[in-house]
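Chains A and B, in that order, are what the protein sequence lines are. Residue numbers for the first sequence follow this note's numbering, so the first one is 1 and each next one is one higher. Residue numbers for the second sequence follow this note's numbering, so the first one is 1 and each next one is one higher. The structure under discussion appears below in the form of structure tokens.
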Amino acid sequence: MSEVPASSSALLSFNNVSMTFDEGTKALDNVSLSINAGEFVTVVGPSGCGKSTLLRIASNLEANTGGTCTIDRNSIGYVFQDATLMPWRTVARNVELIAELHKLDKTERHKLAAEAIELVGLNGFEDKYPRQLSGGMRMRASLARSLVMKPKVFLFDEPFGALDEITRERLNDELLRLFQLEGFAGLFITHSITEAVYMSTKVLVMSARPGKIIAEFDVPFAYPRTHDLRYEPEFGELCGKISHALRGAHE
Amino acid sequence: MSATDTTTAPIEEVIPDKQDKFSLTDYIGPAVVFMVFIGIWYLFSTVVLPEQKRFLLPTPHKVISEGFFVWRSGERRGLQPILMSLWDSAKIALMGLSITIVVGMSLAVLMSSSRWLERATWPYLVAVQSAPVLALTPLIRALIDGTQTQRLLVVVLIAMFPIVSNTLFGLLSADKSQHELFTLQGASKWTRLVKLQFPAALPNIFVGLRISAGLAVIGAVVGDFYFRQGGVVGIGAQIDVYRNRLWGAELITAIILASSLGLVVFLFFGWVSRRAIGKWHITTRGH
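Structure representation (structure tokens):
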């Protein structure tokens, strides 16, 4: 686990990162990990173990109290638990938002947004308002918004947790396709072991608070992965191992 | 779907737009209430009130024939003087409302940006809201010159609170994650205000506007009672005269028209609100 210093190509690395909140709660304890371009790392762990805190530190929404976190802060894509769309903006204008906040000019913005909308398969829905979309489509719009600036590191905070199984699996495939296409480094948080194994090159298991990384599993399956992978014996076996480690994490 | 297919169309459902169609049933309710109201009115002016007091509440047809259908009789009676003073009050109400909107929304923006300022200001806003403004009329008269300015001040004092409180509530209503999205992009306070907080506040701002608009009319009418000069007077002053001289039909006519002004302003802001945010804002009624 502790290949300190991180390899030179690591786009995101945590070195013995600890986090104690003002009120005294210790959320993270000596977490080290590094993610290279083309790696998709997923963290699973019990509720409230500080998984999301990892992302908040990586994106500087929260400042760690110990250790160091290295990341190019100008090239982060962050996908929240909910779609976080602005209800007063149409899909197209929502997708443009981040480019707009980076002060890109209008024609450039339109072009990038149109590309991102195409990528997530929302063409034809540009002029719809979020309330007119289903949960899955809102998430696609949210993904498209993050894609616009072509970030090198993508942070996903349980983005599909609120969706039904079928929509979730479909979006897993969509996201994997984008991952292969864009080659970003991904740090993904989820409660679902199946989702973790299906998506990732590596799965990390975190302990209950204070969060520590207690197990690490490399996922050997080649990309592109298809739906049927979920029913392969090796897939089930790996899920079993992770589930076992996760049970340990609750103690 | 294959993992490399780049043109997959989403199959998830799209929630269709609800069509706003004209429906007769929407108008039956108000019509029924109107007829019940007229019925009760007749009941009071012909049965309930003792005979010698019936001049206080003339029957509806008498109000129409003597109040609405007399153009002008003498200096003060008739529809024309009533409409003139209504227009005078409407101008005061609208000017006062404009001032209230500018001052109130600016105040709300300042309060939303500083918790300290919010805490410091809030008790005084509530105090102004609950203070009997009319009891302050001697003070207002002593401190401020000019009837118009005095009337405007009454309007502003009465209409201010809903604008400030609703705008402030709206500005603080954006989700935490929406704020974080802006934080992640290093957005300035101004950008956050314009692109996040203000649009998020619009539904609340319109609620505040509708309430304040109604209050502005009330403020203008009651202000008229206390601040008047010769020449054209406000509808409140007119009402006061009719009240003193016991001209029932004119009194009721003036009251109806003053209320209608409030109603028109209320409906106007409702219409503006639907135009501005109807496309994206959802109101629910639970069925």
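For glycine and all other residues, C-beta sits at the position ideal for the given N, C-alpha and C.
Not a single CB atom of chain B sits nearer than 8 Å to the CB of residue 93 of chain A. Interface annotation, residue 279 of chain B: in contact with chain A, CB-CB separation under 8 Å.
Assignment of residue 69 of chain A by DSSP, reduced to helix, strand and coil, places it in the strand class. Within the DSSP secondary-structure output, residue 218 of chain A pairs in a beta bridge with A:202. Taking C-alpha positions only, residue 70 of chain B is separated from residue 141 of chain B by approximately 36 Å. Between the alpha carbons of residue 88 of chain B and residue 50 of chain B lies a gap of roughly 36 Å.
Only 101 and 102 from the segment 101 to 114 of chain A bring a Cβ to less than 8 Å from some Cβ of chain B. By a beta-carbon distance limit of 8 Å, residue 17 of chain A does not contact residue 202 of chain A. Their separation comes to about 17 Å. Non-local C-beta neighbours of residue 211 of chain B in its own chain, meaning closer than 6 Å and more than five positions away in sequence, comprise 162, ordered along the chain. Against chain B, a Cβ distance below 9 Å from residue 84 of chain A picks out 175, 177, 178, 180 and 181. Bounds of the beta strand (DSSP E) holding residue 157 of chain A are 153 to 157. The beta carbons of residue 120 of chain A and residue 140 of chain A sit closer together than 8 Å. Contact between residue 92 of chain A and residue 118 of chain A does not hold, since the beta-carbon distance rounds to 12 Å and is not under 8 Å.
If you draw a straight line from the Cα of residue 224 of chain B to the Cα of residue 235 of chain B, it comes to about 7 Å. C-alpha of residue 226 of chain A to C-alpha of residue 232 of chain A: approximately 11 Å in a straight line. By the CB criterion at 8 Å, residue 211 of chain A and residue 27 of chain A fall inside the cutoff. In this structure, the straight-line span from the alpha carbon of residue 222 of chain B to that of residue 149 of chain B is close to 14 Å. At least one beta carbon of chain A lies nearer than 8 Å to the beta carbon of residue 187 of chain B.
Shown here, residue 134 of chain B sits in a helix according to DSSP, grouped into three states. With respect to residue 158 of chain A, residue 190 of chain A sits close: the two C-beta atoms are nearer than 8 Å. Boundaries of the beta strand (DSSP E) around residue 28 of chain A: 26 to 36. Distances from the alpha-carbon of residue 248 of chain A to those of A:123, A:208, A:168 and A:56 put A:208 closest. Per DSSP, residue 10 of chain A is not a residue of any alpha helix (DSSP H); the beta strand (DSSP E) it occupies stretches across 10 to 20.
For the pair residue 178 of chain A and residue 147 of chain A, the CB atoms are nearer than the 8 Å cut-off. The C-beta of residue 87 of chain A comes closer than 8 Å to at least one C-beta of chain B. Excluding residues up to 5 positions away in sequence, 198, 221 and 235 lie with their Cβ nearer than 8 Å to the Cβ of residue 229 of chain A in the same chain.
Going by C-alpha positions, residue 62 of chain A is about 5 Å away from residue 56 of chain A.
Nearest in C-alpha terms to residue 156 of chain B, of all of B:123, B:275, B:260 and B:105, is B:105. Beta-bridge annotation (DSSP): residue 77 of chain B is paired with B:73.
By the criterion of a C-beta distance shorter than 6 Å, residue 19 of chain A is surrounded in its chain by 27, 28, 53, 64 and 65, once the five residues flanking it on both sides are discounted. What residue 59 of chain A touches in chain B, judged by beta-carbon distance under 7 Å, is 184, going in chain order.
For residue 110 of chain B, the closest C-alpha among the options B:198, B:36, B:175 and B:24 is that of B:198. For the 8 Å CB-CB criterion, residue 100 of chain B and residue 216 of chain B form a contact.
For the 8 Å CB-CB criterion, residue 196 of chain B and residue 185 of chain B do not form a contact. Here residue 186 of chain A carries a strand assignment [DSSP, helix/strand/coil]. If you draw a straight line from the Cα of residue 97 of chain A to the Cα of residue 242 of chain B, it comes to about 60 Å.
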